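Quick notes on the structure that follows.
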Amino acid sequence: AFKAAVLIQQWYRRYVARLEMRRRCTWRIFQSIEYACEQDQIKLHNFFSYLMDRFMPSSSKERDFISRMFISGESFKEAELEKYCDYESMEVPDSYTGPHLSFPLLPDHATALLEAFKQKQQLHARYVLTLLHETRKHLKQLPNISHVSTCYSEEVTVCGDLHGQLDDLFLIFYKNGLPSPSKSYVFNGDFVDRGKQSLEILIILFTFLLIYPKEVHLNRGNHEDHMVNLRYGFTKEVMQKYKVHGKKILKMIQNVFCWLPLATLIDQKVLIIHGGISDTTDLDMLEKIQRNKFISVLRGKKRKESKRNVEIQEVNGESKVEADPAGNGAAPSLLPQSRPAQAPSMANRLELSRWVRQTVQEQIEWCRRLVDVSESEEEELTYSSMVSLTDLDGPCWTRQEEWKQILDILWSDPMPQEGCRANTVRGGGCYFGPDVTGKILEKYNLQFLIRSHECKQEGYEFCHNRKVLTIFSASNYYEIGSNRGAYVKLGPDLVPHFVQYQANKTAHTLTMTQRQGFPVALISRVEESAFQALREKLFAHTSALISAFKAYDKDDTGRITLSNWATAVESVLHLGLPWRMLRPQLLHSTADGMLEYKSWLDDLAMEQRSQEHIQSSLLEVIYRNRSNLETIFRIIDRDHSGLISFEEFHQTWKLFSSHMNIELTDDGIKDLVRSIDFNKDGNIDFNEFLEAFRLVKQSQ
2 AFKAAVLIQQ
12 WYRRYVARLE
22 MRRRCTWRIF
32 QSIEYACEQD
42 QIKLHNFFSY
52 LMDRFMPSSS
62 KERDFISRMF
72 ISGESFKEAE
82 LEKYCDYESM
92 EVPDSYTGPH
102 LSFPLLPDHA
112 TALLEAFKQK
122 QQLHARYVLT
132 LLHETRKHLK
142 QLPNISHVST
152 CYSEEVTVCG
162 DLHGQLDDLF
172 LIFYKNGLPS
182 PSKSYVFNGD
192 FVDRGKQSLE
202 ILIILFTFLL
212 IYPKEVHLNR
222 GNHEDHMVNL
232 RYGFTKEVMQ
242 KYKVHGKKIL
252 KMIQNVFCWL
262 PLATLIDQKV
272 LIIHGGISDT
282 TDLDMLEKIQ
292 RNKFISVLRG
302 KKRKESKRNV
312 EIQEVNGESK
322 VEADPAGNGA
332 APSLLPQSRP
342 AQAPSMANRL
352 ELSRWVRQTV
362 QEQIEWCRRL
372 VDVSESEEEE
382 LTYSSMVSLT
392 DLDGPCWTRQ
402 EEWKQILDIL
412 WSDPMPQEGC
422 RANTVRGGGC
432 YFGPDVTGKI
442 LEKYNLQFLI
452 RSHECKQEGY
462 EFCHNRKVLT
472 IFSASNYYEI
482 GSNRGAYVKL
492 GPDLVPHFVQ
502 YQANKTAHTL
512 TMTQRQGFPV
522 ALISRVEESA
532 FQALREKLFA
542 HTSALISAFK
552 AYDKDDTGRI
562 TLSNWATAVE
572 SVLHLGLPWR
582 MLRPQLLHST
592 ADGMLEYKSW
602 LDDLAMEQRS
612 QEHIQSSLLE
622 VIYRNRSNLE
632 TIFRIIDRDH
642 SGLISFEEFH
652 QTWKLFSSHM
662 NIELTDDGIK
672 DLVRSIDFNK
682 DGNIDFNEFL
692 EAFRLVKQSQ
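In my numbering, the protein residues as written are 2 to 701.
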């Protein structure tokens, strides 16, 4: 009996170890593919930025198009944005049965919204725009770093990424209670994208923010960025839910996002940021940056002055010094005007007030000249602008330095090794080691950091000797059962207490037999989903894989060793996966240790062709480029109508042709756009766009 017990125990331990290994491999696949997709987004944006930097517009119409393509959030000033959205002119029809809002908001409004969204009801566009308008007014008065104290509430609850998963937010409120004067919340960014109910999450969070402004705090994440939203679904979601007023809602949301605070400090001891830090992170600089300048954090670049040996670092706009037509070099000064050498004494308050106003106005004029903003575009002073403009004796940072500060805290990840290096996996931010964490904590007298940005299997994870805590609140992020969500509660002692959960409706519908094997069934389901995604990735790179395999097949036998297969696959996909361990799930058994790679690739093509009846070589290209194609389409489609007008296509093609040195006349472009418009309705929709791409590839 003892031997039998030992045998059972050994078998069970091996079984659990195998399950854990399968779980970790599945996790690596999901995470590697996710980060590769983020890297593609940044590469695509860099490509467009490269085109724009080198495209010389020949007319005012072309200049307008360029500015609309990437400066859409900035083209609307205060009064223009109000006029464009014009929510007050919208009427709510008597037939509307959804929730009603009146301002100032009350707790009953929040309760009504929660119930309405549980019933799949939709808030009227007028109320959405009004809510966004009020939220924007409130956010503009907040500092870049919010300060929270546990003295005023029993505890502070910190939530990580939600990514449009409304069920997770409902579950958090069910378990932990709604925000109230005695229950503070910090939501650490990435409220939107990927999930299908991002807008509902925003509406709920903004509602509670206005009802309890001292108890609810929102940090900006890397997905609170309209360039990221173009790729990951939020833009599409808004336009589908609000077909008439979706463009106005998106425009207002873009502006709200850039006003979200960048970080939160609890009791001056716990720093909460979305991504991480770097060896150059400076909280003093972060506190003084005008955060609203950075509509999209992806847009950070340099432009060179042709007539001056100067580089003006910039983000989100063009800083331009016009030379005098006569060639005298008379250009507006880029230095602030001299101010009084000494401030008036505190005794004369009226004179002091006038002096401060004059100094601030001079700084505003200087900033306007620097970014080429006309005097008619007046902006009201905000908390962050007052801090940066009145601290005249402090250091002066370039926009590139400010941009890097924000990029690092939104996109960075911790690593176990010492030091700080570029985050090449995501394509943005950096990897920071425990030594970097230690220096930041010591410099600012902090106990530990809380960040989000990374999905964790248990919903949370400590690293750097428990000095960095990652919290992730979107359960079932990759697939049902892939991970738990979690939130953390901090009391006056600042000791973290975790609550984990899984918003999983599937578990409630399982039979008793299925329930007994539920963990195994879940792992199998998640594993299959991961390998399906990996097979699609392999298929999308068929041509490159064949070239890599042939490098090992010198005699052109059509066969390579399994070891060479693993090396070649990694050299093409760069996913950092343990390919030798994944072989059993990806390859059929090979008797002599050799793989017939052409037959294997044919099998992959058959799998994908069974889903879409398209020639495999074309399908490969579409699989590899579909995300990029859709993002390009949405960038060209500036009014988010789901259609590209002939004019938008014409200007975009001129941008591409200038980069590729293709000579094409205006008549040639018109012929091209007419040929893509298959249904001859005068516009190009995404299906036509994709079909044109497919046909071009086929002809090649």
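In this text, a Cβ means the ideal position worked out from N, Cα and C, and glycines have one as well. All figures in this text were calculated on a predicted structure; none of them were measured in a lab.
Between the CA atoms of residue j and residue i - distance to the nearest angstrom
i, j, result
"residue 424", "residue 97", "49 Å"
"residue 667", "residue 651", "8 Å"
"residue 453", "residue 581", "31 Å"
"residue 113", "residue 143", "27 Å"
"residue 573", "residue 556", "21 Å"
"residue 267", "residue 201", "27 Å"
"residue 645", "residue 156", "51 Å"
"residue 253", "residue 135", "11 Å"
"residue 104", "residue 607", "58 Å"
"residue 259", "residue 115", "26 Å"
"residue 4", "residue 15", "17 Å"
"residue 99", "residue 120", "10 Å"
"residue 498", "residue 604", "49 Å"
"residue 486", "residue 175", "14 Å"
"residue 540", "residue 602", "7 Å"
"residue 638", "residue 683", "14 Å"
"residue 101", "residue 110", "8 Å"
"residue 579", "residue 182", "50 Å"
"residue 132", "residue 139", "11 Å"
"residue 593", "residue 568", "18 Å"
"residue 576", "residue 463", "24 Å"
"residue 564", "residue 7", "37 Å"
"residue 597", "residue 265", "56 Å"
"residue 310", "residue 428", "Residue confidence is low: residue 310 scores 38 on pLDDT, short of 50, so the model does not pin down where it sits. Its coordinate-derived value is still stated next. So the two alpha carbons sit approximately 30 Å from each other."
Buried/exposed call for residue i, threshold 16 Cβ in 10 Å
i, result
"residue 180", "buried"
"residue 466", "exposed"
"residue 193", "buried"
"residue 17", "exposed"
"residue 256", "buried"
"residue 552", "exposed"
"residue 419", "exposed"
"residue 412", "buried"
"residue 227", "buried"
"residue 158", "buried"
"residue 275", "buried"
"residue 446", "exposed"
"residue 207", "buried"
"residue 558", "exposed"
"residue 82", "buried"
"residue 291", "buried"
Nearest residue (CA-CA) to residue i, options the options
i, options, result
"residue 401", "487, 417 and 295", "295"
"residue 130", "247, 634 and 154", "247"
"residue 232", "263, 265, 205 and 196", "196"
"residue 417", "409, 429 and 433", "433"
"residue 32", "554, 189 and 479", "479"
"residue 549", "501, 504, 599 and 140", "599"
"residue 542", "559, 562, 554 and 570", "570"
"residue 205", "222, 185, 221 and 170", "170"
"residue 505", "280, 476, 493 and 132", "476"
"residue 186", "218, 172 and 422", "218"
"residue 278", "561, 422 and 410", "410"
"residue 1", "483, 474, 545 and 501", "No information on residue 1 is available, as it lies outside the stretch 2 to 701 that the chain covers here."
"residue 177", "671, 87 and 491", "491"
Legend entry - Segment contact, 8 Å Cβ cut-off, at least three pairs: the stretch 284 to 293 with the stretch 152 to 171: no
Legend entry - Ordered list of alpha helix (DSSP H) runs contained in the stretch 543 to 583, each at least 4 residues: 543 to 553 and 563 to 574
Legend entry - Meets three-Cβ-pair contact criterion under 8 Å: the stretch 16 to 36 and the stretch 525 to 543: The stretch 525 to 543 and the stretch 16 to 36 touch, with three or more beta-carbon pairs separated by less than 8 Å.
Legend entry - Any 3 or more C-beta pairs closer than 8 Å across the stretch 205 to 219 and the stretch 235 to 246: no
Legend entry - In chain order, each alpha helix (DSSP H) run of at least 4 residues that lies wholly inside the stretch 434 to 508: Fully enclosed alpha helix (DSSP H) runs of 4 or longer: 435 to 444.
Legend entry - contact_flag[the stretch 119 to 133, the stretch 146 to 162] where n(CB pairs < 8 Å) is 3 or more: no
Inset, instruction - Output the residue ranges of the alpha helix (DSSP H) runs that lie fully inside the stretch 85 to 123 and measure 4 residues or longer, sorted by chain position. - result: 108 to 119
Legend entry - alpha helix (DSSP H) segments (min. 4 residues) lying fully within the stretch 244 to 271: 247 to 258
Inset, instruction - Would you check if the stretch 467 to 476 and the stretch 436 to 448 touch, i.e. whether three or more CB-CB distances between them fall below 8 Å? - result: A contact exists between the stretch 436 to 448 and the stretch 467 to 476.
Inset, instruction - Note down, one range per segment and in chain order, each alpha helix (DSSP H) of at least 4 residues found wholly within the stretch 154 to 210. - result: 167 to 177
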